[in-house]
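Novice: With our numbering as the guide, the letters of the sequence shown map in order to residues 44 to 333. No residue lacks a Cβ here, since even glycine has one placed at the ideal position from N, Cα and C.
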Amino acid sequence: MRAARNTLLGWSFLLPNFVGFAVLTMVPVVLLFYYAFTTWDIFGGAEWSGLDNARQMMHDSSFWAAMTNTVYYTVFHIPLTLAASLGLAVLLNKRLRAVAFFRTVAFFPYIASIVAVAQVWNMLFSPGYGPINAVLRAVGVDNPPGWTTSADWSMPAVIVVGTWREMGYFMLIFLAGLQTVPGELYEAARVDGANAWQRFRAVTLPCLRPTTFFVVVLLTINSFKVLDLILVMTNGGPGQSTLVLAQYVYRKGFEENQFGYASAVSVVLFLLCFLVTVVQFAVNRRREAR
44 MRAARNTLLG WSFLLPNFVG FAVLTMVPVV LLFYYAFTTW DIFGGAEWSG LDNARQMMHD
104 SSFWAAMTNT VYYTVFHIPL TLAASLGLAV LLNKRLRAVA FFRTVAFFPY IASIVAVAQV
164 WNMLFSPGYG PINAVLRAVG VDNPPGWTTS ADWSMPAVIV VGTWREMGYF MLIFLAGLQT
224 VPGELYEAAR VDGANAWQRF RAVTLPCLRP TTFFVVVLLT INSFKVLDLI LVMTNGGPGQ
284 STLVLAQYVY RKGFEENQFG YASAVSVVLF LLCFLVTVVQ FAVNRRREAR
């Protein structure tokens, strides 16, 4: 009797969360895969179309532009954010005056309004009166980049802002990892004559391997599904220079009322994230087995 009561009590705690997950996450994901094979708009029912959406994607230049830009953003955003957040964590892991204040300052961009962040950076990147180009002109650059108004420089500008915004969050994760590194290892390295760089390479990085793997996985997922920053900062422009897959899904679904095709692109984005994450887990498992 007591065992049955404990079981019912446990299910009473689990059931609300499971129901919420099923209704808000699991069911929509299952429906997404179904709608990816349909022609569907908001004014009518979904009609099965088989692989028509896949064929359309193969010949859709905008889809391939969004795919290329997504990979571009991911390839540069991950290492830059990883290096910046790890560097901040190592710097702010020391006993410094007002270290809590500096940690808060580094973390603040992550919780700040994305609209405010994007507008401020757009003013900083302004070709005509922005302070960034003013500094470049002051140091002798005659024709500074147009940044968000240039097809060549808009994505680098977005990557810089994305790195600046997210490095504070991942800094906290690295700080938590640094707290677990035994101090005896650093003492032993000092006794052996290792300098600061050698201690970082031989002690800090190996001990942070699980944390680094976790951060890389999160960064990969965040990079592939980036939307809000680009939507507010450049809206995919100029042209299609910053159009990414998540924004392309938004355009096709909510602006052009092609929810079936938008679902198909969403499936591609899901599979892309899934495959890259699986590869990362496989590589990490092989490294740990050595």
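So A127 and T206 are in contact, right, with Cβ under 8 Å, and what is the actual spacing, rounded?
Specialist: For the purposes of this step, residue 127 is taken as residue 84 along the sequence shown, with counting starting at 1. For the purposes of this step, residue 206 is taken as residue 163 along the sequence shown, with counting starting at 1. Confirmed, Cβ separation roughly 6 Å.
Novice: Is W190 helix, strand or coil when you go by DSSP?
Specialist: Within the sequence shown, numbered from 1, the residue matching residue 190 stands at position 147. In the structure shown, W190 sits in a helix (DSSP, three-state: H, G or I).
Novice: Using the rule of at least 16 other Cβ atoms within 10 Å of the residue's Cβ for burial, across every protein chain shown, is Q162 buried or exposed?
Specialist: Residue numbering aside, residue 162 sits at position 119 when the sequence shown is read from its first letter. So Q162 ends up on the exposed side.
Novice: Just the C-alpha distance for W190 and G53, rounded to the nearest angstrom, thanks.
Specialist: Counting from 1 along the sequence shown, the entry for residue 190 is found at position 147. Counting from 1 along the sequence shown, the entry for residue 53 is found at position 10. W190 and G53: Cα-Cα distance of roughly 55 Å.
Novice: Check whether the Cβ atoms of L262 and I121 lie closer than 8 Å to each other.
Specialist: As a working note, residue 262 is residue 219 in the sequence shown. As a working note, residue 121 is residue 78 in the sequence shown. Closer than 8 Å, so yes.
Novice: Using the beta-carbon count (16 or more within 10 Å), is K137 buried or exposed?
Specialist: By 1-based counting over the sequence shown, the position of residue 137 is 94. By the neighbour-count rule (16 or more Cβ atoms within 10 Å), K137 is not buried but exposed.
Novice: Along the chain, where does the alpha helix (DSSP H) containing I157 start, and where does it finish?
Specialist: Your numbering for residue 157 matches position 114 in the sequence shown. Unbroken alpha helix (DSSP H) run through I157: 157-167.
Novice: From E227 to I264, what distance separates their C-alpha atoms?
Specialist: Position 184 of the sequence shown, counted from the first residue, corresponds to residue 227. Position 221 of the sequence shown, counted from the first residue, corresponds to residue 264. Approximately 35 Å between the Cα atoms of the pair.
Novice: What does a CB cutoff of less than 7 Å around L179 pick up in its chain, not counting 5 residues either side in sequence?
Specialist: Indexing the sequence shown from 1 puts residue 179 at position 136. Cβ neighbours of L179 beyond the five flanking positions: P187.
Novice: Which of the three DSSP states, helix, strand or coil, is assigned to T117?
Specialist: Looking up residue 117 in the sequence shown gives position 74. Three-state DSSP puts T117 in a helix.
Novice: Going by DSSP, which residues form a beta bridge with W91?
Specialist: Residue numbering aside, residue 91 sits at position 48 when the sequence shown is read from its first letter. Note: W91 sits in a beta bridge opposite T81.
Novice: For K137, name the three-state secondary structure that DSSP assigns.
Specialist: In the sequence shown, counting from the first residue as 1, residue 137 sits at position 94. Of the three classes helix, strand and coil, the one that applies to K137 here is coil, per DSSP.
Novice: Work out the CA separation of A47 and F317 for me, nearest whole Å.
Specialist: Reading the sequence shown from its first residue, position 274 is the one you call residue 317. Reading the sequence shown from its first residue, position 4 is the one you call residue 47. Rounded to whole angstroms, F317 to A47 spans 39 Å at the Cα level.
Novice: Can you tell me whether P281 is helix, strand or coil according to DSSP?
Specialist: Walking along the sequence shown from the start, residue 281 turns up at place 238. Coil.
Novice: Which of the three DSSP states is assigned to G63 in this structure?
Specialist: The residue you call residue 63 lines up with position 20 of the sequence shown. The answer is helix: DSSP assigns G63 an H, G or I state.
Novice: Please identify the residue among R330, A332, A305 whose C-alpha is closest to the C-alpha of D95.
Specialist: The residue you call residue 95 lines up with position 52 of the sequence shown. Here the closest residue by C-alpha is A305.
Novice: Could you check where the alpha helix (DSSP H) with F213 kicks off and where it finishes?
Specialist: As a first step, residue 213 is located in the sequence shown; it is residue number 170 there, counting from the start. 197-221 is the extent of the alpha helix (DSSP H) around F213.
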